[in-house]
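Visitor:
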Amino acid sequence: MGVPFLDLRAMTDEVMPEAMRRIEAVCASSDFILGEELERFETAFADYCGARHAVGVASGLDALKLILRAYEIGPGDEVLVPAHTFVATALAVSAVGARPVLVDIEPDFFTINPEALASAVTSRTRAVIPVHLYGQTADMDPVVAFARHHGLKVIEDAAQAHGASYGGRRAGGLGDAAAFSFYPGKNLGAFGDGGMVTTDDAALAERVKTLRNYGSSRKYYHEELGENSRLDTLQAAVLNVKLARLDAWNEGRRNAARGYAEELAGAEGLILPREQKPAGHVYHLYVLRSERRDLLMRRLGECRIGCLIHYPVPVHLQKAFAFLGHERGAFPEAERAADEVLSLPMFPTMTREQVSEVAAAVRGKSSGETTEGA
Ligand SMILES: Cc1ncc(COP(=O)(O)O)c(C=O)c1O
Numbered sequence: 015m016g017v018p019f020l021d022l023r024a025m026t027d028e029v030m031p032e033a034m035r036r037i038e039a040v041c042a043s044s045d046f047i048l049g050e051e052l053e054r055f056e057t058a059f060a061d062y063c064g065a066r067h068a069v070g071v072a073s074g075l076d077a078l079k080l081i082l083r084a085y086e087i088g089p090g091d092e093v094l095v096p097a098h099t100f101v102a103t104a105l106a107v108s109a110v111g112a113r114p115v116l117v118d119i120e121p122d123f124f125t126i127n128p129e130a131l132a133s134a135v136t137s138r139t140r141a142v143i144p145v146h147l148y149g150q151t152a153d154m155d156p157v158v159a160f161a162r163h164h165g166l167k168v169i170e171d172a173a174q175a176h177g178a179s180y181g182g183r184r185a186g187g188l189g190d191a192a193a194f195s196f197y198p199g200k201n202l203g204a205f206g207d208g209g210m211v212t213t214d215d216a217a218l219a220e221r222v223k224t225l226r227n228y229g230s231s232r233k234y235y236h237e238e239l240g241e242n243s244r245l246d247t248l249q250a251a252v253l254n255v256k257l258a259r260l261d262a263w264n265e266g267r268r269n270a271a272r273g274y275a276e277e278l279a280g281a282e283g284l285i286l287p288r289e290q291k292p293a294g295h296v297y298h299l300y301v302l303r304s305e306r307r308d309l310l311m312r313r314l315g316e317c318r319i320g321c322l323i324h325y326p327v328p329v330h331l332q333k334a335f336a337f338l339g340h341e342r343g344a345f346p347e348a349e350r351a352a353d354e355v356l357s358l359p360m361f362p363t364m365t366r367e368q369v370s371e372v373a374a375a376v377r378g379k380s381s382g383e384t385t386e387g388a
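The following block contains the structure:
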């Protein structure tokens, strides 16, 4: 039968009638930029994350960039970033003229290794960006303690972690500020691009609001060199409808993860995802490890099971970051992850039959490998 990597259409269909009503209302009022639906969504999302403020921006990358700009982090400054992440985390640092200083990951959870921070910090370090990768938060207690000790800002990259929690608190409220993405495939995704900054810091929120709007808080008066990076009212209208379903959708993802865990338990040569703190993981992605990853991926493709590699090249080996001057071997855990990770189909509406079909393909093909000596 086959299983897609992501069934976005099922989620779109679920929200469509209400989303269309809201879209029509925005169109009727022509309230397209910085409109009421945006204000409503900012309030609701801040509340959801347990943060005092939320500011809608054009993308997750912009959310990171605008936080860095608002903290006046730029040329001459360094920011600690995990070597295994989506490239946008490091791009944001470079975009403001600062230097991303890469840190290896903790191999069991794929998040920044708190013990590796000490050897990366210098007198120029201004901030650390823990990435809540695959839907699981970084180990925030030691990261925040380290940052406080060294006077660094903690900027959560929560692009993959809407609703994830750590010690009972949600992503977006675990550091000084957080960046979210509403790229359509995220746990909370718009009908296009979008992003959000959350923070308890009123001054930071005001600064980001100004920066996202040409450096202006009063029309045609410009206090600083800003950008145009606002979350569209139309996207906010859709996100308001989807936010009400986020917890149920995350539960659907956790349910699929439990199914995988049951059906893949003990499978030879596979390492299943591990949860740092039970119940906090929202499984944006379900990521296995296998030393025979490429073979497994090819075989799953033959069974029409959608799967992807997140991510095949660590930041320091990307051509764009060659200027950092790292060789292969610089961040061994990030490199090993790039060679071994494989993301299986994961979406809230996955049925147990779909989970079983994927698991059977993973298991069946794994045992086949041995006989063929692959
Ligand atoms: C970890 C991470 N950081 C940042 C981003 C950037 O978000 P966007 O695509 O909205 O710019 C993404 C998603 O694409 C991401 O996965």
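Quick note on this note's numbering: the sequence shown kicks off at 15 and runs consecutively. Note that the Cβ used here is the ideal one computed from N, Cα and C, for glycine as well.
#1: On the DSSP letters alone, give me the boundaries of the beta strand (DSSP E) that I81 sits inside.
#2: If we call anything under 9 Å between Cβ atoms a contact, is L257 one with Y274?
#3: Does the distance between the C-beta of T99 and the nearest non-hydrogen atom of ligand 1 fall short of 8 Å?
#4: With DSSP collapsed to three states, give me the class of I47.
#5: Would you kindly work out how many angstroms separate the C-alpha atoms of H146 and R232, rounded to a whole number?
#6: Ordered along the chain, which non-local residues of its own chain (more than five positions away) have a Cβ less than 6 Å from that of G208?
#7: In terms of residues, what are the limits of the beta strand (DSSP E) holding S243?
#8: With which residues is A193 paired in a DSSP beta bridge?
#9: Go ahead and label P362 buried or exposed: buried means 16 or more other beta carbons lie within 10 angstroms of its beta carbon, across all protein chains shown.
#10: Output the distance between the C-alpha atoms of V394 and H330, rounded to the nearest integer angstrom.
#11: Given 8 Å as the limit, tell me if Q150 has its C-beta closer than that to any heavy atom belonging to ligand 1.
#12: Looking only at its own chain, which residues have a Cβ that is under 7 Å from the Cβ of A60, when we skip the five neighbours before and after it?
#13: With DSSP run on the structure shown, which of helix, strand or coil describes N363?
#14: At which residues does the beta strand (DSSP E) containing E92 begin and terminate?
#15: With distances taken from CA atoms, which of P346, H324, I319 and H340 is nearest E367?
#16: Report buried or exposed for V53, applying the criterion of at least 16 other Cβ atoms within 10 angstroms of its Cβ.
#17: Quick check: is the beta carbon of L225 nearer than 9 Å to any beta carbon in chain B?
#18: As a quick exercise: from D118, H163, G16 and R83, pick the residue whose alpha carbon is nearest that of A217.
#19: Distance check for E51 and H348, CA to CA, integer angstroms please.
#20: Of all the options G182, V369 and F46, which has the alpha carbon lying nearest to the alpha carbon of A251?
#21: For ligand 1, is there any heavy atom lying closer than 8 Å to the beta carbon of Y85?
#22: Using the beta-carbon count (16 or more within 10 Å), is T385 buried or exposed?
#23: Should Q8 be counted as a contact of ligand 1 given a C-beta to heavy atom distance under 8 Å?
#24: Between Q174 and ligand 1, is the CB less than 8 Å from at least one heavy atom?
#25: Alpha carbon to alpha carbon, how far is M364 from L20? Give it in angstroms, no decimals.
#26: Does N242 pass the burial test, meaning 16 or more other C-beta atoms within 10 Å, or should it be called exposed?
#27: Would you mind stating whether R140 and V93 have Cβ atoms separated by less than 9 Å?
Guide: For this structure:
#1: Element bounds for I81: not the beta strand (DSSP E) but the alpha helix (DSSP H), G74 to A84.
#2: no
#3: yes
#4: coil
#5: So the alpha carbons of these two residues sit roughly 35 Å apart.
#6: Closer than 6 Å at the Cβ level, and outside the excluded window around G208, lie F196, L245 and Q249.
#7: Neither: S243 is in no beta strand (DSSP E) and is coded neither H nor E.
#8: Answer is D171 and V211, bridged to A193.
#9: buried
#10: The shown model of the chain, from 15 to 388, leaves out residue 394, and the question about it has no answer.
#11: no
#12: R66, H67, A68 and T212
#13: Note that residue 363 is Thr in the sequence shown, not Asn. Coil.
#14: E92 to P96
#15: I319
#16: A quick correction: the sequence has Glu, not Val, at residue 53. Flag for E53 reads exposed.
#17: Note that chain B does not occur in the displayed structure, where there is just one protein chain.
#18: R83
#19: For the sequence presented, residue 348 should be read as Ala rather than His. Distance between the alpha carbons of A348 and E51: 40 Å.
#20: F46
#21: No, the Cβ of Y85 stays beyond 8 Å of every heavy atom of ligand 1.
#22: Only weak support exists for where T385 lies, its pLDDT of 34 falling under 50; the value from the coordinates is given anyway. Classification for T385: exposed.
#23: Here the chain has residues from 15 to 388 only, and residue 8 is not among them.
#24: Yes, Cβ of Q174 sits closer than 8 Å to a heavy atom of ligand 1.
#25: 9 Å
#26: N242 comes out exposed.
#27: yes
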